[in-house]
Structures are given as C-alpha cells and as structure tokens.
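For the sequence shown, our numbering assigns the number 204 to the initial residue and increments by one for each residue that follows.
This report refers to the structure that appears directly beneath it.
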Amino acid sequence: MPDDQSAIPARDAKRLFAGLARAPAIVLAVSGGPDSVALMWLAARWRRALAQGPRLVAVTVDHGLRREAAREARDVKRLARSLDLPHHTLRWNGSKPRTGVPAAAREARYRLLTQAARKHGATHILTAHTRDDQAETLLMRMLRGSGVAGLSAMARETERDGVLLTRPLLDISKAQLIATLQKARIGFADDPTNRDLSFTRPRLRALMPLLAEEGGDARNLARLAARIARANAALELLVDGAERYLALKSEDNLGAGFDAALFAVMPDEIRLRLLKRAIDRTGHEGPAELGKVETLLAAVDQALDGAIGQRESKLKQTLAGAVISVASGRIRISPAPPRRARSG
C-alpha cells in the first residue's frame, strides 16, 4: 500500500475488495464523512472495472442526533447518484437514551443496516473503519481491561444475523483516504462529534500524537491488535480441541458440562473460555461478561477442592441466564428459570 499521505492508486484499490466480486449485492454504509465517502468512491470505481459484479447500494443512517445529519445524507445521495449507485437514508426513530449514546447509536446503525441488507438481497455490509479506528479501539479496550479476545479489536469480517460485516479499509489510514478524495476532488462532511471530548474515543484520539512520539502510532497499535488476534485464533483452536476431548470423556447426557478432574488440570485461559462458551450457549441473557466468568472460575476452583467424587453439590450459581453447579465430580451448565417480573 502507498504511504500515509498519498492517494490510493487503482491497482491497490482492487485488493481492498478482493473476494467480494461474486456477492449478489453489497450495502455500503456511508455517513458522509471522509472515510465512508472514500469507501463508496473506491467501491464504485472497483465495480465499474468488473465485467459483472455485485449490485452496490449506499445506505446512510440518520440517527436524529444532529440537525446537520439530514443535509449530509442529501449530499451523500447526490454523490451516490453521480456514481450510478442507488442510495437510501434510514432514520433511527424513537426516544434516545440519556447515557451511553455512542453504543446505542452504533447498535441502531447496525440493526438498520442489516435490515437494509436483507431488503436488497445483500450478503455483505461494508463499513469504512480505518487503521486509526483500529488503534483507538485497541486503546479503549485496553483501558477497560479487556481480555485477549477484546484486545484483538475489530476483525476484518464478522457475522451479524446472517449478514457479513466487512471492513476492507482496516489497513488504510484516514490520511490516505482524505488524500484520495482530494485528488478526485470529492467533498465530504465534517462531524463535530468526532472532536467532542465528552466522549471517550475523541479523548483518546486527541492523545494519539503524544503516543506516536513514544512509538505508539496507529500503525504500531493496529499491528499489535493483529498479533493479538492471531494469538486469540490459536487459543480458540485449543479450546475447540479441549471441548472435543471433554465431550469424548463425558459419561452422561445430562446437558452441557465437564468432567471436573479433567477440567481442573487445564490452563486457566482454556477453562475460562470453556465456561464462557457453555454459558453463552445455554443461557438466555446474552454473552457472559469476562470479569464475571473469572469470578465464577475462582468459585468453581474452590468448590472443586472438596467436591470431586462427592455427590453433594458444592456450588450452584447463576450467570447470564445459566445455572452452573458442581456435583458428583461434574461441572454442569443448564438453563436458568426465567426471571419473574417484578410486581408494580
């Protein structure tokens, strides 16, 4: 790829969308900022060079949080039309939360984008997350004490409700995208919330120049995230093997569970992941938080000190809609009864 200050040449742009040529349709998430506008322009140029390729549909989500958003959506529509792309604006309607607005807006955006993908028969949603975004995500998760999986930051491709979320620009800097648009003489919007220091990400963004002086620039931080992702993938393979081994050694069919003695001698990271997998599969309250699984593992270990081979239960706890118990030399995970609604 070119250096951070140069425009992206056509020969390199083709690599960004490698593997997508056979998709029937692709939704492009375009907010109007430089990253997403560059994504739309690059994707449109890539599609024109193909003899036959996917239908591209540009979608803008208006969260209803800024008055300028409607005008920015109209600007995106005009640019999309100039690129021969259909464009749709979707709105996040209803009441907005007073706290946690970025997370709620992100969830609403992906929900609306997924609905659009289904409507247009698209198998992929392309977002314009850059190397800068990857570095900021790593820092945010590091400061929150995330585990290895969280520190992997954003994956190039993830699945959501049967649609693939693809981030083709993760190795590209924002500066490159801006240089690309400037060379093509294409304008873009400036969202002031990206500099609003009341939010975590802009505060970390403001620190990046200082971190870069110590070697913690976006390139190195993104490289670190990629290395952690590689380690995380290896760990997941080990957990797959541990899960199969425990299943082979299972002596009953009483639901998800492990032989306590075998479980006890495995490395802590493997045991944490085995527990979390079982709870996430069995429970009905969403993914279990890593910190709570760590606390649970400590309780399991304490119970195992005296429970292996005994019949009486030494532990029974509920987490994320699952019941975890230690009894008769087994660790069992079963669905918890639904919570009773509180009477008014």
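Here a beta-carbon is modelled for each residue, glycine too, at the ideal position from N, C-alpha and C.
Membership of L413 in the alpha helix (DSSP H) is indicated by the continuous run T403 to E416. Contact between the region 522 to 540 and the region 499 to 508 is established, with three or more Cβ pairs separated by less than 8 Å. DSSP, read as helix, strand or coil, puts K519 in strand. By the C-beta criterion, the region 308 to 324 is judged not to be in contact with the region 342 to 349, since fewer than 3 inter-stretch pairs fall below 8 Å. In this structure, the CA atom of R533 is about 14 Å from the CA atom of V468. Comparing C-alpha distances from A432 to each of A228, R269, R309 and G353 shows the shortest one belongs to G353. Secondary structure at D265: strand, using DSSP grouped into helix, strand and coil. With respect to the 8 Å criterion, Q385 and I211 are not classified as neighbours on the basis of their beta carbons. When beta bridges are read from the DSSP output, D462 appears opposite R533. DSSP places I482 inside the alpha helix (DSSP H), whose first and last residues are D471 to T485.
C-alpha of I375 to C-alpha of D207: approximately 8 Å in a straight line.
Nearest C-alpha to G365 among L268, P412, I328 and G390: I328. Distances from the CA of G267 to each of V233, A276 and V260 were compared; the closest alpha carbon is that of A276. Its chain contains A261 and H290 as the residues whose beta carbon lies nearer than 6 Å to that of A283, once the 5 sequence neighbours on both sides are disregarded; these appear in chain order. Counting the other CB atoms within 10 Å of its CB gives E339 a total of 16 or more, which places it among the buried residues. For I229, the three-state secondary structure derived from DSSP is strand. The beta carbons of T403 and M343 sit about 6 Å from each other, so the pair counts as a contact at 8 Å.
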